[in-house]
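Each remark here refers to the structure printed beneath this line.
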DNA sequence: CCAGACGTTGTT
DNA sequence: GTCTGG
DNA sequence: CCAGACGTTGTT
DNA sequence: GTCTGG
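Numbering (our numbering), first residue to last: 735 to 960.
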């Protein structure tokens, strides 16, 4: 369901929307995949200001040792409070993940069709996420994150029955500080406004990061050559 | 999520 | 088919 | 007690 | 680290 997303905005646009400095800079991204390092938002020590950091997509629990692979790119919001891998992070290490769209693939017979989902005016938004930190086999401290999922909104059901959780701007602080419970995460009327369109196979290519990934796409018609 | 690999031996 | 890497 | 697992998706 | 299965 949510294994690729986009952040096709400039550093300036991100800073204006979230009201926080991105000191590491940022260039638009059209095809973000697992294992990549991306900007995420959390609360600073004071607990009332957003801050940006860079983390790797694919949560690896702090107790994992040795070679641990890609980690968990998604976590079910319905069970996140009980699962050993997420329990602790759900209570103490919540995140917002800046994005402006995401991809879904639909099996159509033998083919897989890619779709891009975003808001009509392409507004920025934030996924609900969790993070954790572990030691790499090289002994380095590595911070990783996961994106929460939920049942898809009716407007997206034709595409998929699951979707990433989008946090309303009003709820940013409540979510991050741990005040928000399940109900308030799910109450996301914004998600009802998401729309989607077919995109071409460019997005399939891991590492191909260009506007072509989100371009409208018409399936090429078969031609008999006349 | 998709793409790409999918193994063994001996040696340190 | 199933796992790993991106 | 120790050992072993700890996740999601979609598909059949 | 913490839970489940044996």
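Even glycine gets a Cβ: it sits at the ideal position worked out from N, Cα and C.
Fair warning: this is a prediction, and the values are worked out from it, not measured in the lab.
Sequence-distant residues of its chain with Cβ nearer than 7 Å to residue i (five each side left out)
i           : result
residue 943 : 763, 764 and 765
residue 856 : 834
residue 832 : 741, 748, 752, 773, 775, 858 and 860
residue 810 : 883
residue 889 : 926 and 928
residue 875 : 867 and 869
Length of the line joining the Cα atoms of residue i and residue j
i           : j           : result
residue 919 : residue 813 : 13 Å
residue 954 : residue 936 : 14 Å
residue 795 : residue 873 : 15 Å
residue 823 : residue 851 : 28 Å
residue 827 : residue 938 : 31 Å
residue 911 : residue 815 : 15 Å
residue 922 : residue 887 : 9 Å
residue 940 : residue 803 : 17 Å
residue 797 : residue 821 : 13 Å
residue 900 : residue 908 : 14 Å
residue 744 : residue 760 : 6 Å
residue 898 : residue 836 : 9 Å
residue 863 : residue 758 : 21 Å
residue 950 : residue 847 : 12 Å
residue 945 : residue 781 : 37 Å
residue 914 : residue 819 : 20 Å
residue 868 : residue 800 : 10 Å
residue 777 : residue 756 : 14 Å
residue 842 : residue 881 : 26 Å
residue 714 : residue 924 : The shown model of the chain, from 735 to 960, leaves out residue 714, and the question about it has no answer.
residue 845 : residue 891 : 19 Å
residue 746 : residue 786 : 14 Å
Sheet register partners of residue i (DSSP bridge)
i           : result
residue 846 : 841
residue 931 : 850
residue 835 : 740
residue 806 : 793
residue 828 : 864
residue 924 : BP columns for residue 924 are empty, so no partner.
residue 776 : 785
residue 950 : 933
Cβ-Cβ separation, residue j to residue i (assumed contact under 8 Å), whole Å
i           : j           : result
residue 774 : residue 865 : 7 Å
residue 878 : residue 790 : 5 Å
residue 906 : residue 830 : 6 Å
residue 784 : residue 771 : Contact doesn't hold; Cβ gap of about 19 Å is too wide.
Cβ shell of residue i (< 8 Å), same chain only, five flanking positions each side left out
i           : result
residue 894 : 735, 838, 840 and 886
residue 854 : 927 and 929
residue 849 : 837, 838, 839, 840, 893, 930, 931, 932 and 933
Beta-carbon proximity list for residue i, same chain, < 6 Å, skipping 5 on both sides
i           : result
residue 805 : 792, 793, 794 and 878
residue 947 : 764, 765, 936 and 937
residue 768 : 791, 792, 804 and 807
residue 817 : none
> What runs of the beta strand (DSSP E), each 3 residues or longer, lie entirely inside the stretch 854-922?
Replying inline: List check, beta strand (DSSP E) in window: 859-869, 875-885 and 896-898.
> Which full runs of the alpha helix (DSSP H) of 4+ residues lie inside the stretch 741-774, going along the chain?
Replying inline: 745-752, all fully within the stretch 741-774.
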